[in-house]
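Just so we're aligned, residue -13 is where the sequence shown starts under this note's numbering, counting upward by one. Just so it is clear, CB atoms sit at the ideal spot from N, CA and C, and this is done for glycine as well. Remember, predicted model here, so these are calculated numbers, not experimental data. Here is the structure we will look at.
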Amino acid sequence: MVFLDPNDIFFPDPESTDSESGLLAVGGDLSPERLLFAYQLGLFPWFNEGEEILWWCPDPRFVLLPEDLKISKSMRKILRDEVFTFTENKCFSEVMKQCKNAYRKDQDGTWISNQFIESYTKLHEQGFAKSFEVWQNGELVGGFYGVQIGKVFCGESMFAKVSNASKAGFINFILNNKEKTELIDCQIHSEHLESLGAKMIPKKEYLKILKRNNES
């Protein structure tokens, strides 16, 4: 296990590090510079508030390729009937706050601390982090946020206050960003995203795609 110096922006090479759990490093900080470097390498932070910062690069990686997107008949009808409206980067910090407060089955809380919100908002101001909002009758009812590395979108968290809101937002995002998105990094498995076409791929394959986007 590698312990990071908060004054030195460094990570172990995820390609040469073999960890069954996917946990590669501990410590450091959540500065925008370190966060961006981590995503460029294929790492992401995930830990409980009050604990040490944990950096992960799981193998295999859960991803969604735009061409694999599955849209059910019921979701096609929701989109066709314009049940929701969608925006991009309308209220980034609010989306993060809603993700923080969202109820999650079998979880007592969330990893999204105020420190997370502050750091990712700075990344957003620098143009690397994005939010996608879902509205109904003028009310924010769903959304998600993540970090953009070239044509790879690293999804972080989503929320929904009404049924199908986050799913509709995610589908709308993919349909309208096919030319700008090669892969959506979903990080770890969820049945919700698997139903939309997400699948596991080897870490090496994910890192190869990410490296190509870093160089473009």
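Membership of residue 60 in the alpha helix (DSSP H) is indicated by the continuous run 59 to 66. Put simply, of 190, 194, 175, 200 the residue whose alpha carbon is nearest the alpha carbon of residue 48 is 175.
Taking all protein chains in view, the Cβ of residue -8 is surrounded by fewer than 16 other Cβ atoms within 10 Å, so the residue is classified as exposed. When rounded, the separation of the alpha-carbon atoms in residue 16 and residue 105 is 6 Å. DSSP, read as helix, strand or coil, puts residue 31 in strand. Leaving aside the five residues that flank residue 25 on each side, the residues in its chain whose CB is nearer than 7 Å to its CB run, in chain order, 133, 135, 140. In the structure shown, the three-state DSSP call for residue 50 is strand. The residue among 110, -3, 7 with its C-alpha nearest the C-alpha of residue 20 is -3.
With a beta-carbon spacing of about 7 Å, residue 168 and residue 195 fall inside the 8 Å limit used to define contacts. In chain order, 11, 13, 14 place their CB closer than 6 Å to the CB of residue -10, counting only its own chain and leaving out the 5 sequence neighbours on each side. Remark: C-beta atoms of residue 56 and residue 181 approach each other more closely than 8 Å. For the pair residue 72 and residue 102, the Cα-to-Cα distance works out to about 24 Å. Sixteen is the threshold: when 16 or more other Cβ atoms of the shown chains lie within 10 Å of the Cβ of residue 173, as they do, the residue is buried. Residue 84 and residue 126 do touch by the CB rule: their CB atoms are close to 7 Å apart, below 8 Å. Here residue 112 is not near residue 69, since their CB atoms are 8 Å or more apart.
Around the C-beta of residue 45, 16 or more other C-beta atoms lie within 10 Å, and the residue is accordingly described as buried. Note on geometry: alpha-carbon atoms of residue 88 and residue 35 lie some 16 Å from one another. Looking only at 108, 67, 54, the smallest Cα-Cα distance to residue 79 is reached by 108.
The DSSP-derived three-state label of residue 187 is strand. Between residue 76 and the set 60, 50, 120, the nearest pair of CA atoms involves 120.
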